[in-house]
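As given, the protein sequences belong to chains E and R, one line each in that order. So the first sequence is numbered by the working numbering: it starts at 1 and just counts up by one. So the second sequence is numbered by the working numbering: it starts at 379 and just counts up by one. In this text, a Cβ means the ideal position worked out from N, Cα and C, and glycines have one as well. Here the structure is a predicted model, which is why all the values come from computation and not from measurement. Below is one structure, written out as structure tokens; the observations come after it.
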Amino acid sequence: MRTKIFLFLMIPLLFAGCEEKFDPGVADYQNLLVVDGLLHNGTGPYTVKLSYSSPVDNPLFIPAGFFHVKIVDDLGVSTALTESEPGIYTTADSRLQGETGRKYKLYLTSPNGNKYESDWEEIHQEVGIDSVYAQYEYHSDPDLNHTPEGYQFYISSETAPDDSACFYWNMVETWEFFSDYTLDFTYSGYIEPFPNPDTVYHCWATEVVPQIFVLNTSNLSQPKATNFPLHFVSTDTKRLTVKYSVLIQQMVISPAAWKYRDQINSLISDDNFLFASQPFQVKGNIQCVENPEEQVLGYFTAAGISTRRVFLDRPPGVSFYYVKCYADTDLRGLGFIPHTAWPAYLTLLDNGRMAIISEICVDCTQNGGVLNKPDFWP
Amino acid sequence: MKLHNLNRIDGLILTLVCIFSAISVSFAQQKGDLIVGRQYHDLKWENFVRQIENDFHIKFFYQPDSLPDFRIKILQSSLTLQEVLRQNFKPLGFQVENDGSGNYFIFNGQPMQTSFADDFFVVRDTLKVETVQLQNQQDEKQEGQYLNTFSDYITKTVIIGSKRQGFNLVKATVSGYVTGSENGKPIGQAMVKVEETGNHAATDDQGFYSLSEKKGKYTLVVNSMGRFEKKYRIELLSDGKLDINLDAQAFMLEEAVITSNRHHNVKSTQMGVEKLNAMIINEIPAVMGEKDLIKVALLLPGIQTVGEVSSGFNVRGSPADQNLFSINQVPIYNVSHLFGFFSAFNTDAINDFDVYKSSIPAMYGGRLSSIFDISARQGNAGKFSARGGISPVTARMVAEGPIIRNKSSYLVGFRSTYSDWVLKNIKDPDIHNSQANFADAVANFSFTLDKNNQLKVFTYGSRDYANLAIGTENRYSNAGASLIWQHRFSSKHSAAFSLASSNYFFEEINKEQVSTAYKQSFNLNHSEFRSDFNLALNEKHTIKYGLNAVLYHLKQGDFLPYNDESLVMRKSFESEQGLESGLYAADDFMVTRNFEISAGIRWNMFGYFGPKTVFSYQEGLPVISENISDTTIYKNNSLIKNYTNVDLRLSAKYMITEDMSAKISYNRLHQHLFLLSNTITISPTDKWKLCDSHLKPMAGDQFSVGWYKNFLGNSLEASVEAYYKKVTNQVDYKDGANFRINEIPETGIIQGELSAWGIEFMLKKKIGNFNGWINYTWSRAIILAKNEATGESNNFGKRYPANHDKPHALNLVLNYKLTKRLSFSGNMVYNSGRPVTYPTAIYYQNGIEVTQFSARNEYRLPGYFRVDLSVNVEGNLKKKKFAHGSWTFSVYNLLGRNNVYSVYFRNENGNITGYKLAIFGSMIPSVTYNFKLGNYAD
């Protein structure tokens, strides 16, 4: 019997590894220059973002301002970029048009005179998008207690003119949505009706899909993408509640630019810590001219681009899993709201009762939306 | 009759005499006859005692103060010791008795106090301890004392050969077997020495020795660790046989006998050899009480591991796949259970193991770094016996006995977890719904056909299954068998022929995500024939030669979607076939008495055979699928690529003094298969891969020098060894390579260079109640992964430390036996943290957060420190009992230190937070019960 008790006590230890917060205290790699540039054969303007790397425990976009930035082509034509926002450098309209087959190089000079340049990058012939479709699917996620469902996007390209092509897809998604509640009253010591309850109720939000999708066709039988899975839009957010649109930019990039993104992807997708893969340093295509030892991060990419925008309506009869705001019908709570936090917001529920609601639940601009309907929206 | 009831010392002595003689009746005849020569004449009494005790392994018991100063007189040459003593002591009024087992009691016959005076017995280090034990265990001795000590000295001259046969000869050879007197088993590594000339030979695994000398009279001294020395007077007339039985020292079973041969360290030409036997494995505290020979090996200098749950280990800076594990010639390709928590060998079924770190004998080939040669225990040919144990994790059982008494024996062992049952009782749903179990089994049959032929049949199997609730399912297994025929052509020429086969299989199912659920499997088959010959040419040359051939068949398995819902693309992997053969010859050449050379050459041939699709790549461009220029399809069994290469072994030893030597060695080896692994530690799903037309054999050169010294009659060994090793064509994996889905492995590999160097200090106390070792190693292992021809590299072509590069390592192992029933064992481990690649910065590309890592292995985890302790309590020491039990209480990581196994990072609310993971982050106590049939010493 004693032995049994012992066994019982011992076994959990086997699997209960001990995990603790740990700060390796690495400070050697901060404030490295980061380049994020894209030049393509579509219409400009083109943007180069310059920033500094941030510590791992406090990620931030730290703009690198006051650089001299220019793009030079293989004919020697040079185009300067101007800093439109801190760290964001753009070409003036129609000053530069990326051309297929032409090679480009990015030149940077920092405010204290350090010179940086990229490798030569060629704009490859773009490949057309054959079809994009979305399929309603159920995925699995062990961290959630429901099965995520939603639209999975797939893309098929036309066949590339060369033996092989490296594809890179960038998706910019826009969705129409409503706030959880209408803003019917405000409270600043006393309740008064809000003049136009619809003003902050209806928005459109736009975001870049935060995933990297790349495909190298070199070991495929044909240089094309066939039903290649892109992003998955689940009903865990409001994206599909009204109308959803995504702008797909299909780019043909150089093998080196493909490798850069592929390597970043392989580092992101690894989470097996008992038998962890060896992480490694990913090197971009920017060097410091005077000091090749200085690490510069990021990539200046040249691409042949084709785009397509697709729209999706709200899928009928499906469940949404986003958390709706809590509406507090106990109005005595108003008395506890300090003056400094006025005005407080109130809504009229469907059953005609009044409820206290936080700003984010009534003002869709607080959720990343804009009130103006985008031009492309039908 | 208890000790304190005695009131006369002679009464006590008589009691002791009774007990001793009751047990050792058979020896009594010989002991009474012990003859002392005239060379002891006129020695002072103290000196005489010292000399006689030393020469004959006997003991005197007397009260020093009561004896006057006097000198021993020996007036005749053929007197027995008893007679000599009586003659000398009678005039002084003392009586002399002996118990027939080598204990001589001198007393004056006067009534004495009722208990021992503190200084009653001559106080000498070893004697004192035994005296104390005598008192403690008196009551048990009543039942029957069997733990007596005795000595043996054969006084009659043994005539070897005949005058007629040796008439024309100057020299003659004496040869024979050394066996244990209790069970007739051969004693390997016993030392047989001609006292007068210093000429000596060690017995081989079958206990065989052979020595050549000029005809004449000699004293032959035979000794082996844990056994009483025997001396023979021999008269060598012509070639002849002398078989020798050695008696076990009664305490042998509990002694931590670290090496099987006392003189090995200093006198052998071999370097970098570590030998451990089952006893030491069983003494060292283990995780969950699960005795583990690999964990014990990690306490030796130059052997390290990446982390606590990695199945492989690293010898002198080499990756884990450069070690060959074999148990009775069956190679084992995965030596761990439960992903590396435990090793796959049941220590009850193991006799001993040898690790060769540098002077790898020429008979072994195919691995660059080390040979881990495990010998399974041979069954007891005398009588049936069984033993087993229960630990928190497993239950194990070994049964053995004669098939034909004293001729052939069997041993079968089985070990299995019952962890599934335990897991079910745990509330945590992830554990509750998990399954993890493993088992292993051995069977060892040995048949002595006649004096010259022995047959051994051995099988081994192990299996593992884990179905974790997180959605992964792993199973893997080893299965192997060997058939060994040992044959002796003559006293000088012997051979072993063997057939061995080994199979390693794993299957992995990952269904964490429905859409990416996959399964894959792998199967490796190793079939080997070998023949090894040993020719003792003359007293200066011992030649070893032979050949072996291994046929490898690897089913690389397919990467398949787990079910219809999975979106995983099917990936097909072709099978591989290879034939590795080797032909070798080696000579141990004794140049002078002090200078010995051992040289060997091994000629390897490796053929890689179809069917196979082989790609060619554009010259000078990276080996990636984009650069494939041509495809060739080879038919079944057609030769694709052939490699031949030559291994060299060279070592030399110079004896500076009788117990101090210096050695130097050079080794060149080749390896034709390796593990495909891009993980930091070996994962149970790593596949083996043969060298092929793109991946060249790895070649390793190692140069080492060493200094060896034994102190205090060989009981203390000190050594220093330094080495430099260089491996060319070292396989390294390209950044981000994923061999699960990469159908063209060569595109994920860069062959570079591994440099490793270090110095190892070792101090070992091998015998006594207090024994153990301490070692310190300083070493480095640096990799350069760069291919000039294709322009490919890892870490931008810069050298970086290997994952197992841990510069400082300190190990301390201490065993202390308080009494025969109670012993303690402890060890302490310190090593530098392993190198690690940290995330160092965050940056943004197109709005996506990207983590930047440091240069490869630029940083280091915090150091590793651990203390373990165990207490072993034996059951009573009665002679007549059905079974004997013992309890082992052990605590792993006594200080509960959170040693960092790995550091990883999680994205929490947009911030990357570091975590450290400790595998055994707290104190782990455990209790193990062991039992066996028969008494303590059986």
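- When Cβ-Cβ separations below 7 Å define contact, Tyr482(R) makes no contact with chain E.
- Cβ atoms of Ala344(E) and Tyr187(E) come within 8 Å of each other, at about 4 Å.
- In this structure Lys373(E) is exposed. Its beta-carbon is surrounded by fewer than 16 other beta-carbon atoms within 10 angstroms.
- Among the residues facing chain R, Pro24(E) is included, as its CB has a counterpart in that chain under 7 Å away.
- For the stretch 163-195 of chain E, residues whose beta-carbon sits nearer than 8 Å to a beta-carbon of chain R comprise Ser164 and Asn170.
- Note on Asn888(R): 16 or more other CB atoms within 10 angstroms of its CB, so buried under the neighbour-count rule.
- Separation of Ala878(R) and Pro1240(R) (C-alpha to C-alpha, rounded to the nearest whole angstrom) is 44 Å.
- Within a 10 Å sphere around the beta-carbon of Leu144(E) sit fewer than 16 other beta-carbons, which makes this residue exposed.
- Three or more beta-carbon pairs separated by less than 8 Å link the stretch 729-736 of chain R to the stretch 645-659 of chain R, which places the two stretches in contact.
- Per the DSSP secondary-structure output, Ser840(R) pairs in a beta bridge with Asp818(R) and Asn856(R).
- In this model, Leu789(R) and Asp726(R) are separated by some 10 Å (Cα to Cα).
- Residues of chain E whose Cβ lies closer than 7 Å to the Cβ of Gly1225(R) are, in chain order, Val208 and Pro210.
- In the assembly as shown, Val548(R) is an exposed residue. Its beta-carbon has fewer than 16 other beta-carbons within 10 Å.
- Gly985(R) sits away from Asn1023(R), with the two beta carbons spaced by 7 Å or more.
- Distance from the CA of Phe911(R) to the CA of Leu1094(R), rounded to the nearest whole angstrom, comes to 34 Å.
- Of all C-beta pairs linking the stretch 1270-1283 of chain R to the stretch 1295-1311 of chain R, three or more are shorter than 8 Å, placing the two stretches in contact.
- Separation of Val674(R) and Ile728(R) (C-alpha to C-alpha, rounded to the nearest whole angstrom) is 13 Å.
- With respect to Trp1151(R), Val1191(R) sits close: the two C-beta atoms are nearer than 7 Å.
- Under a criterion of Cβ atoms nearer than 8 Å, the residues of chain E adjacent to Ser1232(R) are, in order, Val26, Asp28, Tyr29 and Gln281.
- Beta-bridge partners of Leu215(E) (DSSP): Phe167(E).
- If one requires a minimum length of 4 residues, no alpha helix (DSSP H) run lies completely within the stretch 1121-1206 of chain R.
- Along the length of the stretch 733-800 of chain R, whole beta strand (DSSP E) runs at least 3 residues long occupy 748-754, 763-768, 772-782 and 786-795, reported in chain order.
- CA-CA distance, Leu938(R) to Ala895(R), rounds to 9 Å.
- Among the residues of chain R, none has a CB under 7 Å from the CB of Glu122(E); the nearest is roughly 16 Å distant.
- Within a 10 Å sphere around the beta-carbon of Gly960(R) sit 16 or more other beta-carbons, which makes this residue buried.
- Counting only runs of 3+ residues, the beta strand (DSSP E) found wholly inside the stretch 558-638 of chain R occupies 569-572, 578-580, 586-592, 594-601, 608-614 and 622-624, in chain order.
- Residue contact with chain R for Leu297(E): present (Cβ-Cβ distance below 7 Å to some residue of chain R).
- Against chain R, a Cβ distance below 7 Å from Ser53(E) picks out Ala1219, Ile1220, Tyr1221 and Gln1230.
- Residue environment for Phe336(E): exposed (fewer than 16 other C-beta atoms within 10 angstroms of its C-beta).
- Rounded to whole angstroms, the gap between the alpha carbons of Asp36(E) and Ile62(E) is 13 Å.
- For Thr837(R), no chain E residue has a C-beta closer than 7 Å to its own C-beta; the minimum C-beta separation is roughly 29 Å.
- Between the alpha carbons of Asp262(E) and Gln366(E) lies a distance of about 35 Å.
- Of the residues Asp74(E), Leu33(E), Val200(E) and Val127(E), the one whose Cα lies closest to the Cα of Asp119(E) is Asp74(E).
- Taking CB atoms only, Glu20(E) has a neighbour in chain R less than 7 Å away.
- With fewer than 16 other Cβ atoms from the protein chains shown falling within 10 Å of its own Cβ, Trp342(E) counts as exposed.
- Of the candidates Leu827(R), Ser1055(R), Tyr796(R) and Gly1299(R), the residue whose Cα lies closest to the Cα of Asn815(R) is Tyr796(R).
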